[in-house]
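Novice: So that we are looking at the same thing, I have put the structure below in structure tokens.
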Amino acid sequence: MRATASVLHVDLDAFFAAVEQRDKPSLRGKPVIVGGTGGRGVVATASYEARRYGVGSAMSGREARARCPHAAFLSGRFHAYRETSGRVMQVLRELSPLVEPLSLDEAFVDLATAGLPDLEVATVTEAGARLRARIHEVTGGLTATVGIASSKFLAKVASELDKPDGMTVVPPGTELDLLRPMKVSVIPGVGPATAERLRRAGIHTIAELERVEEDELVGLLGKAQGHGLWQLARARDDRPVLAERETKSISSEGTYDSDLTDRRLMEGLLTRQAREVGARMRKNGHSGRTVTIKVRLHDFTTLSRSSTLSSPTDDGATIARVARTLLGDLDTTGGVRLLGVGVSGLADWVQEDLFGDAPGEEEDDEVVLPEPPRRAWPPGADVVHDEMGAGWVWGSGSGVVTVRFETAHTPPGPVRSFRMDDPALHRVVPPSED
1 MRATASVLHV DLDAFFAAVE QRDKPSLRGK PVIVGGTGGR GVVATASYEA
51 RRYGVGSAMS GREARARCPH AAFLSGRFHA YRETSGRVMQ VLRELSPLVE
101 PLSLDEAFVD LATAGLPDLE VATVTEAGAR LRARIHEVTG GLTATVGIAS
151 SKFLAKVASE LDKPDGMTVV PPGTELDLLR PMKVSVIPGV GPATAERLRR
201 AGIHTIAELE RVEEDELVGL LGKAQGHGLW QLARARDDRP VLAERETKSI
251 SSEGTYDSDL TDRRLMEGLL TRQAREVGAR MRKNGHSGRT VTIKVRLHDF
301 TTLSRSSTLS SPTDDGATIA RVARTLLGDL DTTGGVRLLG VGVSGLADWV
351 QEDLFGDAPG EEEDDEVVLP EPPRRAWPPG ADVVHDEMGA GWVWGSGSGV
401 VTVRFETAHT PPGPVRSFRM DDPALHRVVP PSED
């Protein structure tokens, strides 16, 4: 742990939903849910107005609609999120050369390399305030919550304490005072299963975790996790801020509108996903040894199976063969709603399989799959009308698309409905949209 509070964690508040509210004036101050628009969709982000009704990330769209039926459900515009994130990351890199992005809306910043006159609490507090103001400026009004502390763990915890649009600085020497009353679930890696095992052992708070001997924790949770929690319970975290994060795995998965029961169709989907994973690995110079499939059944039970190869590969055909073999060990007769393939144990070299099929060779009887249907007018999508100008899709169905004509720079605009084939109405599809 550092002697100074020089690690900053920044988290953009309800990021996807906030971008939508910025660009759609009529939605400001109202519940907005990004994701969950299809029958099998899940919530990606909920605005704080929607969170008051109990809606949260990863919740099924069906449950979100039951909790907050009057919310605006939008399909998402990832080009807008990427563009806004790029502005924020540029601001962070102007502050310090050591920026570690965790996602589009979250990053660590090393203030020790930021050129500040010193790293006293008052100085880093002022730097955090300036950063938040700058983010608000370059994003057109979005807010961010900041945590500053002596380690990545503490900075991350601190950024959760004053949401939204807040900042918490943990003075050096007070870390344990902050942590001890907190539940063990604030520690990264302590999910529901681990929290339940700790609860059964009588451990609910970090103070209680701190009193447990390391050997006892290792016996309870295993060597790696037990040792890690023992360290974090004492606020010990010396991980550096890394400008380049090591990729740990590469994967592809899909959720389907109706349950899959045809085994050949599932194998074909896994083959397609394996090809995608292999292509991404080759593009990024990776190979890997461990192939994992993820299968979510009709009753939401999620299963995973893994197999480790004798040497790394980046070949989609090899990954597909292993994935199909793993699928054969599972009972999918009740139907499958999600399939995924991933490769971990990444390396930067490939050992050619001298006795297997040639790289890229596929089975002759591979299932040819139709492309899934794509909604022509997804809710929230940008459109332009020859006479009315720019707007966004309010909803569509029965041959009609309803549009609200407004942008980030206008007042809330009027709503009009058109035939879906109206030649004057055009969907704005960014070049980067897949």
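Under UniProt numbering, think of the first position of the sequence shown as 1, with each following residue one higher. We treat Cβ as the ideally placed atom computed from N, Cα and C, and that holds for glycine.
#1: Taking the Cβ atom as the reference point for each residue, do residue 436 and A233 lie within a distance shorter than 8 Å?
#2: So, at 8 Å on beta carbons, what are the nonlocal neighbours of L116 in its own chain, with the 5 sequence-adjacent residues on each side left out?
#3: Sorted by chain position, which residues of the same chain lie with C-beta nearer than 6 Å to Q273's C-beta, five sequence neighbours on each side aside?
#4: Just the Cα atoms here: how many angstroms apart are V55 and G61?
#5: Do the region 196 to 209 and the region 174 to 186 meet, that is, are 3 or more Cβ pairs less than 8 Å apart?
#6: Note down, in chain order, each residue of its chain lying with its Cβ closer than 8 Å to the Cβ of V43, except the 5 sequence neighbours on either side.
#7: If you count every other CB in all the chains shown that lies within 10 Å of the CB of K152, and 16 or more means buried, which is it?
#8: Out of D331, E406, V336, V393, point me to the one whose CA is closest to R77's CA.
#9: For R289, which residues in the same chain have their Cβ closer than 6 Å to its Cβ, ignoring the five residues on either side in sequence?
#10: Determine, using beta carbons only, whether V99 and V88 come nearer to each other than 8 Å.
#11: Go ahead and label D237 buried or exposed: buried means 16 or more other beta carbons lie within 10 angstroms of its beta carbon, across all protein chains shown.
#12: Provide the residue span of the alpha helix (DSSP H) that contains E216, from first to last.
#13: Does the pairing of the region 312 to 324 with the region 262 to 280 give three or more beta-carbon distances under 8 Å?
#14: Consult DSSP for S344 and reduce its assignment to one of helix, strand or coil.
#15: Confirm, please, whether the CB-CB distance from V401 to F418 is below 8 Å.
#16: Which residues in the same chain have their Cβ closer than 6 Å to the Cβ of L338, if we skip the five residues on either side of it in sequence?
#17: Ordered along the chain, which non-local residues of its own chain (more than five positions away) have a Cβ less than 7 Å from that of F16?
#18: For V121, which residues of its own chain have a beta-carbon under 7 Å away from its beta-carbon, when the five flanking residues on both sides are left out?
#19: Provide the residue(s) that pair with V34 in DSSP beta bridges, ordered along the chain.
#20: Less than 8 Å between the C-beta atoms of G147 and A158, yes or no?
#21: Are the beta-carbon atoms of D11 and E94 separated by less than 8 Å?
#22: Restricting to Cα atoms, I'd like to know which of E244, K223, G335, G226 is closest to L260.
#23: For E433, does the three-state DSSP call read helix, strand or coil?
#24: Would you report the Cα separation of A66 and R130, rounded to the nearest angstrom?
#25: From which residue to which residue does the alpha helix (DSSP H) around D177 run?
#26: Please report the straight-line C-alpha distance between E216 and A3, rounded to a whole angstrom.
#27: How would you label H286, buried or exposed, when you count the other beta carbons within 10 angstroms and need 16 or more for buried?
Specialist: A quick look at the data gives this:
#1: Limits of the chain in this structure are 1 at one end and 434 at the other, which puts residue 436 out of reach.
#2: Residue mapping note: residue 116 aligns to position 116 of the sequence shown, counting from 1. T123, V124, A127.
#3: In the sequence shown, counting from the first residue as 1, residue 273 sits at position 273. Closer than 6 Å at Cβ, skipping near neighbours: S252, V341.
#4: Your numbering for residue 55 matches position 55 in the sequence shown. Your numbering for residue 61 matches position 61 in the sequence shown. Computed Cα separation, rounded: 9 Å.
#5: yes
#6: As a working mapping, residue 43 is identified with position 43 in the sequence shown. Cβ within range, chain order: I33, V34, G35, G36, V55, G56, S57, A58, M59, S60, G61, A64.
#7: Position 152 of the sequence shown holds residue 152. Result: buried.
#8: Within the sequence shown, numbered from 1, the residue matching residue 77 stands at position 77. The option with the nearest alpha carbon to R77 is V393.
#9: Reading the sequence shown from its first residue, position 289 is the one you call residue 289. Taken in chain order, the residues that qualify are T308, L309, P312, G345.
#10: Working through the sequence shown from its first residue, we reach residue 99 at position 99. Working through the sequence shown from its first residue, we reach residue 88 at position 88. It is not a contact, given that the beta carbons lie outside the stated cut-off.
#11: To locate residue 237, count along the sequence shown from 1; it is residue 237. Buried is the call here.
#12: As a working note, residue 216 is residue 216 in the sequence shown. Unbroken alpha helix (DSSP H) run through E216: 214 to 221.
#13: Taking 8 Å as the limit for Cβ pairs, the verdict is that the region 262 to 280 does touch the region 312 to 324.
#14: Numbered from its first residue, the sequence shown carries residue 344 at position 344. In this structure, S344 counts as strand in the three-state DSSP scheme.
#15: Stepping through the sequence shown from its first residue, residue 418 is reached at position 418. Stepping through the sequence shown from its first residue, residue 401 is reached at position 401. Yes, the pair counts as a contact, with Cβ atoms nearer than the cut-off.
#16: For the purposes of this step, residue 338 is taken as the residue at position 338 of the sequence shown. Contacts found: T255, R296.
#17: Residue mapping note: residue 16 aligns to position 16 of the sequence shown, counting from 1. Excluding sequence neighbours, F16 sits near V34, A44, T45, G76, Y81.
#18: Numbered from 1 along the sequence shown, position 121 holds the residue referred to as residue 121. A5, V169, P171.
#19: Numbered from 1 along the sequence shown, position 34 holds the residue referred to as residue 34. Per DSSP, the beta bridge partners of V34 are T45, L74.
#20: Here residue 147 refers to the residue found at position 147 of the sequence shown. Here residue 158 refers to the residue found at position 158 of the sequence shown. Taking 8 Å as the Cβ cut-off, G147 and A158 qualify as a contacting pair.
#21: Along the sequence shown, one-based indexing puts residue 11 at 11. Along the sequence shown, one-based indexing puts residue 94 at 94. No; because the gap between Cβ atoms is not below 8 Å, this pair is not in contact.
#22: In the sequence shown, residue 260 corresponds to position 260, counting from 1. The residue with the shortest Cα to Cα distance from L260 is G335.
#23: As a working mapping, residue 433 is identified with position 433 in the sequence shown. Any reading at E433 is ruled out, since the residue's pLDDT is 46, under 50, leaving its predicted position unreliable.
#24: If you number the sequence shown from 1, residue 66 lands on position 66. If you number the sequence shown from 1, residue 130 lands on position 130. Taking the straight line from one Cα to the other gives about 40 Å.
#25: Stepping through the sequence shown from its first residue, residue 177 is reached at position 177. Segment 175 to 179, the alpha helix (DSSP H) holding D177.
#26: Counting from one through the sequence shown, the residue named residue 216 turns up at place 216. Counting from one through the sequence shown, the residue named residue 3 turns up at place 3. C-alpha separation (whole angstroms): 30 Å.
#27: Counting from 1 along the sequence shown, the entry for residue 286 is found at position 286. Looking at its Cβ environment, which holds 16 or more other Cβ atoms inside 10 Å, H286 is buried.
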